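The opening residue of the sequence shown carries number 115 in the working numbering; numbering runs sequentially from there.
The beta-carbon is built from N, C-alpha and C at its ideal position, and this holds for glycine as well.
These numbers were taken from a predicted model, which means no experiment stands behind them.
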Amino acid sequence: MKLKHLFAGMLAFAALACNPVDDQPEVIPALDVPTKAFTVDAAGETVTLTFTTNQDWTVTPSEDWVSVDPASGAAAAEAVNVTVTVAASTVEAERTATVLVKAGELEETVTIAQGAYVVPEDGTEAYPYLIKTLEDLVAVRAKASLETPTYFRLESDIDMASVENWVPFNWNDDYKRQIHFDGNGKTISNFAPKTWNDANIDGEPIATAYYSLFGVLYGSCKNLTVVNAELTDMPTSSGILAGYVGTQTAEGEKMPGLVSNVTVKGTITAKGDKVGGLAGAAYNATIEKCNVDVVITTSSTDCGGLIGKAVGDLVVTDCNVKANITSTAASKNRVGGLIGWNSTVTTTITNCHVLEGTLLTDASNRTKASNGNYGGFIGFGDTAGTVLTISKSSATAVIEGGLGTYNAGFIGGMGYASTAAITDCWAKGSVVGDNYTGGFCGAVQNKSTIERCWADVLVTTTGQRSGSFVGTNTDVIVIKNCYSLGNVTGVGQQIGGIIGYDKLGATIECCYAAGDITSNKAGSAGLVGTMDGTTSSVVKCIAWNKNIVCNRAANTAWAPGALVGAVTKDGGKYADSYRRADMVLTDAAGAMTLFDQENVEGALPAAPDYSAETTQRAYHGKAAAADATCSSVAKSLGWDETIWDLSGELPKLK
């Protein structure tokens, strides 16, 4: 019995020895990823990444625009499916990402390639039409809607040399194409069409109006450079960029135009009026951060380096202009370095400059004086009902006005029944003209205020009533904290350092003039040749002119003077003013000499010993001390040193 049991136990032991319970097959790690690359489009896409593995696994994308689900899992006998989501692209180039599949120590990399984003073009602000070729530029007019605003963006520099016939983007259909054109920092060159018509309208050539790139700019143009433009035989309302910037409907609804950060360079020859380097005319327009460098020859009126004529509300800011303009028109030229004729309802100009090298020439061969209206900044300032405001602006120009009247270094003439305020502006250069010529303004015929302005302009006039600062004034004018340094020589009478002739009532306060004054007839003075207004005043002013020459033949003509040559009406105020101690007054009639005078208010200054005539009532003020400077005199008069720098011999505006 015991042997039997022992045998059975031995058999069982043998069985266990041959088949141990923990003897399992060896597992070899495996990872199989059949597809190693996916290509998806720019709109985004979802793909399935399939793989098999006998290991725990993870899936990790390299970029945040790729996501996976699930991102990890355990080993399984079945294939694993991972959803890979690729976001839509906004990148205008192909892009790639990788997905790392890791199983245990094994790794596989899957590449995701996404196509470039193609910007849609529907002419909206978000998706403007893209201009890449000359053909695209030509197509702007056809693509521009008559119903809604249309947006364009220039993608490449465009050479227009091959364009012989040009139809402006917006010139007919009541100019209703509201175009917003982003130049995108690119350049259009060689804009020089020989003809201007569209042969595709009813199969017949139709002459366009408003010769220019845009025709009528209703909308905006920004960030564009136009170089080497050459426009010939231009009719009315023409310019390199636009014939008109802005317009309005027949019912008076404004259709504004904006030009921002635009540069134009080129030449223009014109036969029609309203011609400008940037645009022929502005009507409900805003022009900012623009630069113009042009040569213009015109045989008509209203020509300006920036704008020929402003005919509706206008705002101009931060613009620079260099212009060489020659006009052959025989009358009413109205030529300006910035604007030829400003006749708007409201014009506001800030921080704009007409640059050195600007030349305005009257080549009309006039045989007699007539309205020239040449101004380094504006030719003719405004008309009835307008409000003109200019600040922080300047003009450096040579103005060869010939026999034209109303010429000046800054504004040639300013019209009637309007108002003007000019502050913190200056003019340099030279000006030649006939009557009413000035270093800063030629003729001021409206209610005006000029403050903190100066001129250093050589003035030569073949006529009368001209000045180193203002030629003549026929309305109420306030000139305060201003000065003039230029010499002025006039063939005619009434020549002055601040105003040649004041007809109605000038208020001149805290001003000085330092140039030589010469009148080849009569009525010259350091500040005002003649004051003919009952409310005129000269207060706290300084005549620092070294030489005043009055070549009158008889002492019955307008008198010369240190500060004022002739005060013809009582009621004014002449007080607290000085002349330099070594001033030389040359009176060809041999009658007038300088003498100190007390303040005068509400009456005429004293007559000289030789005459009781009104025209002999000069105001000489008092002589400054021999060792005084103009600045020390200004300090004694209490000039505002927050406005004036009185540290040098001559006061300067801060």
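For the pair Val546 and Ile513, the Cα-to-Cα distance works out to about 6 Å. Of the residues assessed, Asn595 falls on the buried side of the cut-off, its CB having 16 or more other CB atoms within 10 angstroms. In summary, Gly297 is buried, with 16 or more beta-carbon neighbours lying within 10 Å of its beta-carbon over all protein chains present.
Its chain contains Asp646, Gly647, Thr648 as the residues whose beta carbon lies nearer than 7 Å to that of Lys683, once the 5 sequence neighbours on both sides are disregarded; these appear in chain order.
Pairwise C-beta distances place the segment 403-420 in contact with the segment 445-452, as three or more of them are shorter than 8 Å. Cβ contact annotation for Asn375 (same chain, cutoff 6 Å, sequence separation greater than five): Lys336, Asn337, Lys403, in chain order.
Distance between Asn669 and Ser638, taken at the CA atoms: about 13 Å.
In this structure, the alpha-carbon of Val698 lies about 14 Å from that of Gly735. Selection Val161, Thr172, Ala217, Gly187 evaluated against Gln228 yields Val161 as nearest (Cα-Cα). Annotation for Asn665: Ser633, Asn634, Lys635, Ala702 place their beta carbon closer than 7 Å to its own, counting only its chain and skipping 5 residues before and after.
DSSP, reduced to helix, strand and coil, places Asp183 within a strand of the structure shown.
Looking only at Leu718, Cys555, Thr500, Ala189, the smallest Cα-Cα distance to Ser650 is reached by Leu718. Excluding five sequence positions before and after Val501, the CB atoms of its chain that fall closer than 6 Å to its own CB belong to Thr460, Thr533, given in chain order.
Val252 is bridged by DSSP to nothing; it lacks a bridge partner. Under a 10 Å Cβ-count criterion, Pro282 is classified as buried, with 16 or more other Cβ atoms of the shown protein chains found around its own Cβ. Judged by beta-carbon spacing, Gly604 lies beyond the 7 Å limit of Gly629, meaning their Cβ atoms are not closer than that value. Assignment of beta strand (DSSP E) within the segment 433-467, counting only whole runs of 3 or more residues, yields 434-441, 453-456, 460-464 in chain order. For Ala541, the enclosing beta strand (DSSP E) has its first and last residue at 540-547.
Judged by DSSP secondary structure, Ser745 falls outside any beta strand (DSSP E) and instead within the alpha helix (DSSP H) spanning 744-750. Judged by DSSP in its simplified three-state form, Asp287 adopts helix. Closest option to Arg480, judged by alpha-carbon separation, among Ser582, Pro139, Gly516, Gly577: Gly516. For Gln711, there is no enclosing beta strand (DSSP E), since its DSSP letter is neither H nor E. The three-state secondary structure of Lys257, taken from DSSP, is helix. Here Asn456 is not near Asp432, since their CB atoms are 7 Å or more apart.
Leaving aside the five residues that flank Thr462 on each side, the residues in its chain whose CB is nearer than 7 Å to its CB run, in chain order, Val429, Thr503.
Just so you know, the alpha carbons of Thr400 and Leu372 end up roughly 5 Å apart. Of the residues Gly552, Ser508, Gly523, the one whose Cα lies closest to the Cα of Asp538 is Ser508. A residue is called buried when at least 16 other Cβ atoms come within 10 angstroms of its Cβ; Phe305 meets this threshold and is buried. With distances taken between CA atoms, Asp427 lies nearest to Ala395 out of Ala395, Ser303, Ala437.
Residue burial annotation: Phe709 is exposed, with fewer than 16 other C-beta atoms found within 10 angstroms of its C-beta. With contacts defined by Cβ atoms closer than 7 Å, Val558 and Ile591 form a contacting pair. Relative to the Cα of Ile272, the nearest Cα in the group Ile293, Val252, Ser303 belongs to Ser303.
Classified as exposed, Thr238 has fewer than 16 neighbouring CB atoms from the shown chains inside 10 Å of its CB.
Contact between Ile320 and Met348 fails: their C-beta atoms lie close to 18 Å from each other, not under 8 Å. Annotated three-state conformation of Thr682 is coil, per DSSP.
Among the bridge pairs identified by DSSP, Phe295 is matched with Phe266, Cys335.
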